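So for the first sequence, our numbering puts the first residue at 908; every next one is plus one. Only one structure is covered here, and it is reproduced in the block below.
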Amino acid sequence: MSDKLVRVRFAPSPTGYLHVGGARTALFNWLYARHHNGTFILRIEDTDRTRYREDALQDLMDGLRWLGLEWDEGPEVGGDYGPYFQSQRLALYQEYAQKLVKEGHAYQCYCSPERLAALRQSQRGGDQTGYDRRCRTLTARERADYEAQGIVPVIRLAVPLEGQTSFHDVIHGDTIVENSTLDDIVLLKSDGYPTYHLANVVDDHLMAISHILRADEWLPSVPRHVLLYRAFGWEIPVYAHLPVILSPTGKGKLSKRHGGVAVRDFRREGYLPEAMVNFLARLGWSYDDKTEFFTRQELIAKFDLEGVNRSPAAFSYDKLDWMNGFYIRQLGLDDLAQRLLPFLIGVGLPADLTTVRRIAPLVQERLKRLAEVVEWTDFFFSAELDYDPQLLIGKKMTAAQSLAVLSRARETLARLSAFDEGALEPALRALAEEMGLKAGQLLGVIRVAVTGKEVAPPLFGTLAILGREKVLQRLDKAVELLREMSSGPVIAQ
RNA sequence: GGCGCAUUCGUCUAGCGGCCUAGGACACCGCCCUCUCAAGGCGGAGAUCGGGGGUUCAAAUCCCCCAUGCGCUACCA
């Protein structure tokens, strides 16, 4: 590819768990980098000490790695443009902020938080918003006075009072704003930390970022950033603002209320990373009028900013489930078993890989999420079944019939020479016919007796895996339950 | 309030002036298959393209206005 060097970054704040929205932003950046043979950078924007969370960084990296979004530069991998933590670049921001002050593009502001709050209060409802620029015209003497009082100033950008600022966005096109609607944003806080605006611009330039792909919510701050780039005399990167992800109802942001939102939640539920990547890629991006499934390689080959949508997209758990089910069905049986095992063990079932591997084909096309394997197959591993004996009475059958069915089935299965599917199926079908029952009636009763459920994996395979001993034992138990029931008080139907 | 962004089936979307009596996918409904549940196959319903004006022989597609939704308006990102 003959593009100019593509360097993109995902720049999250370590303030919480990696959110699917963030993951989508990271994915688009990663895809763009891979598509253009560029560099994908992970930069940690930890400039807000009040919201910083210790475990957030690890969760972030775990989530990205789980999704297969490896970064070329950043935490744990290094790179030539480090450090990649903004908290380790403080001197840099201070230096650049001072430079702006010296050149008249920024100024010290000594206004107290109280005054600013009061200002906002008084502006409520009015046309005038933002900082009133009181400190912009301070004399050297006034500044000295404040300094003498020990007030530590913030540094604000001196936005041009007149004129317009325009910028281009690959996805949204051109936007023009009146400078008069922009206020003098804080660049450097009084604690010496930079705000997002300063740190972001300085780092993007210093790290030679060529394209900025980030969430739509940043669009309004672009004019200020453009002004900053100009003040520094730096080249403005290419902007591409991605549509936000909405809740399934399409109203408002995606929140916990609707289900999992953290990548780790999806992982815990048993969504496959490849399905997540495919699904997330299609949220706000499309390739043509029919393709839904993309392998990672296809995504890299086909992903392009031109296919990115302008409008927000609602997150659909239904579609994700469908897609995840599809990916589960594509898995090789050994692979599937490997992935299933931790979910079983995780809930304390004594599962082993060999058994899970045998079970895998029985549940593969039934699973939407790996975690569902527990409810589908727990009876394979539990010592005792716990179910409502009433379930043993089949549809359109009496308790006496069910009892007869179980006894006869027990005899048949006990006599069977080989206890495998090939032998089980004809034997049981023959029995059903002999007893004048539909196969479904017979199998239904056995299913409950052996699995404790009305809905379970295909029965012949299930019996074979369970093994003769366990099957006969459970059949005996069921007969017992049925006898207890009929000898007890009569239950009205 | 100000500024900005967005607006095609419930949802994800195709569409970039005539191929659109708007296509695909999820979800939904029906039928087939079937030991339950799934998976799969077939079919169905579902959008007068937010509303109103233009431009044009012709508009979902171009222009203007309005409405609605969302975002920003912090010494948070």
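All residues carry an ideal CB built from backbone N, CA and C; glycine is no exception. This structure is a prediction, so every number in the text was calculated from the model and none was measured.
If you keep only unbroken beta strand (DSSP E) runs of at least 3 residues inside the region 1045-1115, you get 1061-1064, 1071-1076, 1080-1085, 1093-1095. In the three-state DSSP reduction, E1002 falls in the helix class (H, G or I). The continuous beta strand (DSSP E) containing Q1015 extends over residues 1013-1016. For F917, the enclosing beta strand (DSSP E) covers residues 914-917. In the same chain as M1230, and ignoring 5 residues on each side of it, the C-beta atoms closer than 7 Å to its own belong to A1182, N1185, F1186, in chain order. In this structure, the CA atom of Q993 is about 12 Å from the CA atom of Q1001.
Per DSSP, reduced to three states, the secondary structure at A1122 is strand. Taking C-beta atoms under 8 Å as the contact rule, P1155 and Y1224 qualify, at a distance of about 6 Å. About 5 Å separates the beta carbons of F947 and D979, which is inside the 8 Å limit, making them a contact pair. The residues F917, L1120, R1121, A1122, L1149, in chain order, have a CB closer than 8 Å to that of T932 in the same chain once the five nearest residues on each side in sequence are set aside.
The alpha carbon of A1356 has as its nearest neighbour, out of R1336, V1312, T1319, the alpha carbon of V1312.
A direct Cα-Cα distance of roughly 18 Å separates G923 from I1152.
Exposed is the label assigned to V1362, since fewer than 16 other Cβ atoms lie within 10 Å of its Cβ.
Selection G1301, R1264, K1006 evaluated against D1241 yields R1264 as nearest (Cα-Cα).
In the DSSP annotation of this structure, the continuous segment of the beta strand (DSSP E) that includes V1145 starts and ends at 1145-1149. In this model, R1048 and E1054 are separated by some 10 Å (Cα to Cα).
Excluding the 5 residues flanking it on each side, L971 has same chain C-beta neighbours closer than 8 Å at F917, L925, A930, A933, L949, E977, W978, in chain order. Counted as a single uninterrupted DSSP element, the beta strand (DSSP E) harbouring T946 occupies residues 946-949. Positions of the alpha helix (DSSP H) runs, each at least 4 residues long and wholly inside the region 1152-1239, are given as 1170-1176, 1180-1189, 1203-1209, 1224-1237 in order along the chain.
In this structure, DSSP gives F1288 a helical state, which the three-state scheme calls helix. Annotated three-state conformation of F1326 is coil, per DSSP. Counting every other CB atom within 10 Å of its CB across the protein chains shown gives N1216 a total below 16, marking it as exposed. Short of 8 Å from the beta carbon of Y988, and not among the five residues preceding or following it, lie these beta carbons of its own chain, in chain order: I948, E980, L1113, M1114, A1115. The alpha-carbon of D1196 is positioned some 17 Å away from that of A1208.
Nearest in C-alpha terms to Q1071, of all of Y1003, C1016, I1092, R1131, is R1131. Taking 9 Å as the cut-off, the beta carbon of L1389 is found closer than this to the beta carbon of L1299.
About 17 Å separates the beta carbons of F1233 and A1278, which is beyond the 8 Å limit, so they are not a contact pair. When secondary structure is reduced to three states using DSSP, G985 falls in the strand class. Around the Cβ of D1259, a 10 Å sphere holds fewer than 16 other Cβ atoms; the residue is exposed. Each residue's CA atom was taken as its position, placing L938 and Q965 some 22 Å apart. Assigned with DSSP and collapsed to three states, E1387 falls in helix. Burial of H1118 is indicated by the presence of at least 16 other C-beta atoms within 10 angstroms of its C-beta.
By the CB criterion at 9 Å, L1094 and L1064 fall inside the cutoff. Distance between Y991 and P921, taken at the CA atoms: about 13 Å. For the options H1075, D1081, V1061, K1360, the alpha carbon positioned closest to that of G1099 is the one of V1061.
For G928, same chain residues with a beta-carbon under 6 Å away, outside a window of 5 residues either side, are I1152 in chain order.
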